[in-house]
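Written below as structure tokens is the structure these notes are about.
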Amino acid sequence: MDFTFSPEHIALRRMIREFCEEELRPRAKTLDREGRPDPEVLRLMGEAGFFGVPFSQDYGGMGAGETGYCILMEELNRVCPSTATIIGAHIGIAAMSMYLDGSPAIKQKYLPDICAGKKIAAFGLTEPNAGSDAAGIQLRATLEGDSYFLDGQKMWITNGPLADVIMVLAVTDPALGARGGATVFVVEKEWSGFKPGKPEKKMGLHGSPTSVLNFDEVRVPKDNIVGQTGLGFVTFMKTLDIGRVSLGAATIGGSQAALDASLRWVKHRTQFGRPIANMQSIQFMLADMAAEIEALRSLVYRTAWLVDTGRPFVKEAGICKLLGSETASRCIDRAVQIHGALGLSRDYHLERGWRDARIGEIFEGTNEIQRIVIASELLQEVGVRIRP
Amino acid sequence: MDFSLNDEQLMFRDLFRDFAEKEVAKVAEHTDKSEEPPLAVLRKAAAQGFLGATIPEAYGGAGLDQLTFALLIEELAKHCLSTAVTVAVHTSLSAMTLLEFGTEEQKQKYLPFMASGELGALAITEPEAGSDPGAMQTTASRVEGAYHLDGVKSWVTNGALAKIILVVARTDAQQLGAFIVEKDSPFVAVGYREPTLGLRGLDIRTLYLDEAPVPAENLLGELNAGREVVRRATQRLRLALAAAALGAAEGALALGITFAAERKQFGIQIAHKQALQNYIADCSVDIESLRHLVQYAAWLADTGQDYGRYANMAKYLGARVAKDAANKMLQIHGGYGFSDEYAISRIYRDVRALRVMGGTDEVQRFGIAQDVLGDKGIQITP
């Protein structure tokens, strides 16, 4: 057993943290207020190589693996969940789906630009009638000659309004549906018939634009299929499995930020003649936060190690996302409580953290879906197969 | 024992429900998005006599009991927590405190005015005095025929809308007094609306009192009745906020049920999924427990018994029940729950304030423990 990070990962964390403190923190509030990402932040992150942290250097990545990527997500989410979400959708699911199953040719074509941040990527799975039931997708891809024509709509797509390239799961064989009849395509935003919708108005993550994507007979050359025809659903599910680890990592950052803010506040805030740090109700909230964060940290980085060393990780990844999102919601909620009315003020940063955290229990598979994933893994071990 | 509402209470409940469904529901979203108090609704509520609900008929009110008033707050809160809390603060913190502590002249002068819809407020909190009102620094200095109030009050609900503000201030190093301040004084300045997570239609303000002269006859109660004013007013507010929490939880449950019935995944209504059924069952159990505690506390108040402990428990439970209900029902909405286009996200943000306003969870648990341990002869301090 060895729980230490490698010197490379330590150096990576130091570099990311420096960026977060110097460049990201001063902009995080404005991102939320103005409801859009900061192009300068994205440019700087591209220059620093953040958009390709986990991927092989063969494709322009940093080669820091899942562990390095978890470090990136933890640090970004400690300071600005909106920016972390842009990166999460870009790397963790969009680029990852191509990285896992794409042909060398398509990876050479797109990944270097994606890793450099020259092209922003999005992951198009959800549809109005296919949320938790992802297999219920209806967006249709019809083959005509050497091209497919994509017709339909995707919904709640993170980076939708920003994306230059979009991985889209479409039905190529309606008779088979998602299981054997769905395929992943790479669509470029300039292509005729593709149109992202306006950014949705959301409770949180105001700096991370989400929208519908409309496909009206969008012509996609056959060469832009990612993985095998008909097996796209498998590619996307595999991608989501791995994405859950880094989502868990992000929640460590959010939780830690809540604890850090609380520790600063309880030292100074005086009521009943002494700092509220002396109150047991406060102390216990701090202790519970720390206990949950430490458990989460160990779980997430252990799971990242499972991924990096090629071990099975699906159950653990589901647990990372489930436990992480609930821990983050609880921690930020306690921080708001400790700050009293100040915690509810939009002039202060905690209410932003509170609004931003809640989607963690919903996106990339609601926590109900995570429980189904975990239970399904558990039950499979004893020979029981379940359906949602 | 009789757990039924009487005919009058039932009649009023239907009236309140009808008003809330017709008038409050339709502007709730706009109130949140525009971040402006629902003035038109408040005017209509005033025209119905709702802003004088518990003020005695002798002073122009409807003379309703606390239980019936709780029904009003509950029905309003089902659709808009900002509206419910505006009315709760006006009534429970301000008007009823004036009724309880005021002289006959003061009551004659102010209550008919408030019953007709001129809003009231009560200013206790200060930047350095939140959970600990004893730490307040606003002073009331005696001068010839008057008091001069000087200091800053924060998080004053109805701060800009109210015409009449009861202000608690330090009369000397140890004592607090309460004063009736008419807000048109040039020595009282209203700060900007602090932007908040939820309750965006609530008029929450900072007040600056700059040696504001208050005539001596505007002293509320005895010279040093401030602490008692705070205690009694807070107790009444907690009962009203508990009723508001009940309404908000019911509003959330209704939205969750509607969504679970309309949304199909895996080929069936998601209402058929056991995990979501559990959320709905838990939420229903919480709501019915809360309803009984709220109505029990109100009954104690109406029958002249000490209800402080139960108001405290009801508000503490209520804040938790409303939070859990909003949280679970938001979860049922999935991604839609995170969208501003669905009311559940507003309720989720709005109810968060209930665990802070009118006493944080921690202060309330302390108060409950103080009462319960006190029964056994154990005295505790914060």
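First to last, the protein sequences are chains B and U. Position 344 of the first sequence, counted from 1, bears residue number 364 in this note's numbering, the numbering being contiguous throughout. Position 225 of the second sequence, counted from 1, bears residue number 337 in this note's numbering, the numbering being contiguous throughout. For each residue, glycine too, the CB sits at the ideal point set by N, CA and C.
Next on the checklist: So if I threshold CB-CB distances at 9 Å, which residues from the stretch 258-283 of chain U count as touching chain B?
Outcome noted: S266, W267
Next on the checklist: I want to verify the contact list: residues of chain U whose CB lies under 9 Å from the CB of T386 of chain B, in sequence order.
Outcome noted: The sequence position of residue 386 of chain B within the first sequence is 366, counting from 1. Q443, G446, G447, listed in chain order.
Next on the checklist: I need the boundaries of the alpha helix (DSSP H) containing F131 of chain U, first residue and last residue.
Outcome noted: Along the second sequence, read from residue 1 onward, the residue named residue 131 of chain U stands at position 19. Per DSSP, F131 of chain U belongs to the alpha helix (DSSP H) from 119-131.
Checklist entry - Is it the case that the Cβ atoms of Q232 of chain B and S212 of chain B are separated by a distance below 9 Å? => result Position 212 of the first sequence, counted from the start, is the residue given in the question as residue 232 of chain B. Position 192 of the first sequence, counted from the start, is the residue given in the question as residue 212 of chain B. Residue identity differs from the one stated: residue 232 of chain B is Val in this sequence, not Gln. Cβ atoms of V232 of chain B and S212 of chain B: not closer than 9 Å.
Checklist entry - Near G85 of chain B, what residues of its chain come up, given a Cβ to Cβ distance below 7 Å and the 5 sequence neighbours on each side ignored? => result In the first sequence, counting from the first residue as 1, residue 85 of chain B sits at position 65. P74, D328.
Next on the checklist: Whole angstroms are fine: how far does the CA of L211 of chain U sit from the CA of K219 of chain U?
Outcome noted: Counting from 1 along the second sequence, the entry for residue 219 of chain U is found at position 107. Counting from 1 along the second sequence, the entry for residue 211 of chain U is found at position 99. Inter-residue distance for K219 of chain U and L211 of chain U is about 6 Å (C-alpha atoms, whole angstroms).
Item to check | Minimum length 3: unbroken beta strand (DSSP E) runs contained in the stretch 171-204 of chain U | outcome: none
Item to check | Among U:L122, U:L353, U:V433, U:A410, nearest to I392 of chain U - alpha-carbon criterion | outcome: As a working mapping, residue 392 of chain U is identified with position 280 in the second sequence. Looking at the Cα atoms, U:V433 is the closest of the given residues.
Item to check | Cβ distance (whole Å) where D473 of chain U is taken to contact R464 of chain U below 8 Å | outcome: Numbered from its first residue, the second sequence carries residue 473 of chain U at position 361. Numbered from its first residue, the second sequence carries residue 464 of chain U at position 352. About 11 Å; that fails the 8 Å criterion.
Checklist entry - What whole-angstrom Cβ distance do Y79 of chain B and I111 of chain B have, given they're in contact under 8 Å? => result What you label residue 79 of chain B is simply residue 59 of the first sequence in a count that begins at 1. What you label residue 111 of chain B is simply residue 91 of the first sequence in a count that begins at 1. No, Y79 of chain B and I111 of chain B are not in contact; Cβ-Cβ is about 12 Å, not under 8 Å.
Checklist entry - Taking only runs of the alpha helix (DSSP H) that begin and end inside the stretch 399-481 of chain U, which ones reach a length of at least 4 residues, in chain order? => result 420-445, 455-464
Checklist entry - Taking buried to mean at least 16 other C-beta atoms within 10 Å of its own C-beta, is A102 of chain B buried or exposed? => result The sequence position of residue 102 of chain B within the first sequence is 82, counting from 1. The sequence shown places Ser at residue 102 of chain B, not Ala. Buried, because 16 or more other Cβ atoms sit within 10 Å of the Cβ of S102 of chain B.
Checklist entry - With which residues is T162 of chain B paired in a DSSP beta bridge? => result For the purposes of this step, residue 162 of chain B is identified with residue 142 of the first sequence, where counting begins at 1. For T162 of chain B, which the question treats as bridged, DSSP gives the partners B:F169.
Next on the checklist: So, for F124 of chain U: in the same chain, excluding its five sequence neighbours on each side, which residues have a beta-carbon less than 8 Å away from its beta-carbon?
Outcome noted: Within the second sequence, numbered from 1, the residue matching residue 124 of chain U stands at position 12. Counting only Cβ-Cβ distances below 8 Å, and skipping sequence neighbours, we find L176, T180, L183, L184.
Checklist entry - Contact check, L261 of chain U vs A241 of chain U under 8 Å by CB: the rounded distance? => result Position 149 of the second sequence, counted from the first residue, corresponds to residue 261 of chain U. Position 129 of the second sequence, counted from the first residue, corresponds to residue 241 of chain U. Rounded, the Cβ-Cβ distance is 15 Å, inconsistent with contact.
Checklist entry - Quick one: is D153 of chain B near chain U, going by C-beta distance under 9 Å? => result As a position in the first sequence, residue 153 of chain B is number 133, starting the count at 1. So yes, D153 of chain B belongs to the interface.
Next on the checklist: Mapping the DSSP letters down to three states, classify H288 of chain B as helix, strand or coil.
Outcome noted: What you label residue 288 of chain B is simply residue 268 of the first sequence in a count that begins at 1. H288 of chain B falls in the helix class under three-state DSSP.
Checklist entry - Any idea if G489 of chain U is buried or exposed, counting beta-carbon neighbours within 10 angstroms, 16 or more meaning buried? => result Residue numbering aside, residue 489 of chain U sits at position 377 when the second sequence is read from its first letter. Exposed, because fewer than 16 other Cβ atoms sit within 10 Å of the Cβ of G489 of chain U.
Checklist entry - In three-state DSSP terms, what is F383 of chain B? => result Taking the first residue of the first sequence as position 1, residue 383 of chain B is located at position 363. Three-state DSSP puts F383 of chain B in coil, outside helix and strand.
Checklist entry - I382 of chain B touches chain U at which residues, Cβ-Cβ below 9 Å? => result The residue you call residue 382 of chain B lines up with position 362 of the first sequence. What I382 of chain B touches in chain U: L442, Q443, H445, G446, G447, G449, F450.
Next on the checklist: Taking only three categories from DSSP, how would you classify P327 of chain U?
Outcome noted: Here residue 327 of chain U is taken as the residue at index 215 of the second sequence, counted from 1. Looking at P327 of chain U - three-state DSSP - the assignment turns out to be strand.
Checklist entry - Can you name the residues of chain B whose CB is closer than 9 Å to the CB of S243 of chain U? => result Residue mapping note: residue 243 of chain U aligns to position 131 of the second sequence, counting from 1. Q291, F292, I296, G360, listed in chain order.
Checklist entry - What did DSSP end up calling M187 of chain B once you bin it into helix, strand or coil? => result Counting from 1 along the first sequence, the entry for residue 187 of chain B is found at position 167. Annotated three-state conformation of M187 of chain B is strand, per DSSP.
Checklist entry - Name the chain B residues whose beta carbon is nearer than 7 Å to that of S457 of chain U? => result The residue you call residue 457 of chain U lines up with position 345 of the second sequence. The contacting residues are M223.
Next on the checklist: So, with DSSP's three-state summary, where would you put G293 of chain B?
Outcome noted: Locating residue 293 of chain B in the first sequence gives position 273, where the first residue counts as 1. The answer is coil: DSSP assigns G293 of chain B none of H, G, I, E or B.
Next on the checklist: Quick check on A328 of chain U: buried or exposed, where buried means 16 or more other Cβ atoms within 10 Å of its Cβ?
Outcome noted: Translated into the one-based positions of the second sequence, residue 328 of chain U becomes position 216. Residue environment: A328 of chain U is assigned as exposed (fewer than 16 neighbouring CB atoms within 10 Å of its CB, all protein chains considered).
Item to check | Chain-ordered neighbours of Q357 of chain B on chain U, where CB pairs are closer than 8 Å | outcome: Translated into positions along the first sequence, residue 357 of chain B becomes position 337. The answer, in chain order, is R467, V468, T472, D473, E474.
Checklist entry - Three or more C-beta pairs closer than 8 Å, one from the stretch 126-139 of chain B and one from the stretch 163-178 of chain B: is that the case here? => result The stretch 126-139 of chain B is not in contact with the stretch 163-178 of chain B.
Checklist entry - Taking buried to mean at least 16 other C-beta atoms within 10 Å of its own C-beta, is D367 of chain B buried or exposed? => result Here residue 367 of chain B corresponds to residue number 347 of the first sequence, with the count starting at 1. Exposed is the call here.
Checklist entry - Under three-state DSSP, which class holds K488 of chain U? => result Mapped onto the second sequence, residue 488 of chain U falls at position 376. Correct three-state label for K488 of chain U: coil.
Checklist entry - First and last residue of the alpha helix (DSSP H) that includes W325 of chain B? => result If you number the first sequence from 1, residue 325 of chain B lands on position 305. Counting along the chain, the alpha helix (DSSP H) containing W325 of chain B begins and ends at 300-328.
Next on the checklist: Check this for me: beta carbons of M140 of chain B and A183 of chain B, under 9 Å apart or not?
Outcome noted: Within the first sequence, the letter at position 120 stands for residue 140 of chain B. Within the first sequence, the letter at position 163 stands for residue 183 of chain B. The displayed chain sequence assigns Ile, not Met, to residue 140 of chain B. The answer is yes: Cβ separation under 9 Å.
Checklist entry - Going along the chain, which residues of its own chain have a beta-carbon closer than 8 Å to the beta-carbon of E210 of chain B, five neighbours each way excluded? => result The residue given as residue 210 of chain B occupies position 190 in the first sequence. Counting only Cβ-Cβ distances below 8 Å, and skipping sequence neighbours, we find nothing.
Checklist entry - Under the three-state reduction of DSSP, which class applies to T251 of chain U: helix, strand or coil? => result Taking the first residue of the second sequence as position 1, residue 251 of chain U is located at position 139. In this structure, T251 of chain U counts as strand in the three-state DSSP scheme.
Checklist entry - If we count the other Cβ atoms within 10 Å of its Cβ and call it buried at 16 or more, is T87 of chain B buried or exposed? => result Counting from 1 along the first sequence, the entry for residue 87 of chain B is found at position 67. Buried: at least 16 other Cβ atoms inside 10 Å.
Next on the checklist: Mapping the DSSP letters down to three states, classify L233 of chain B as helix, strand or coil.
Outcome noted: Residue 233 of chain B sits at position 213 when you count from the first residue of the first sequence. L233 of chain B: strand per DSSP, three-state reduction.
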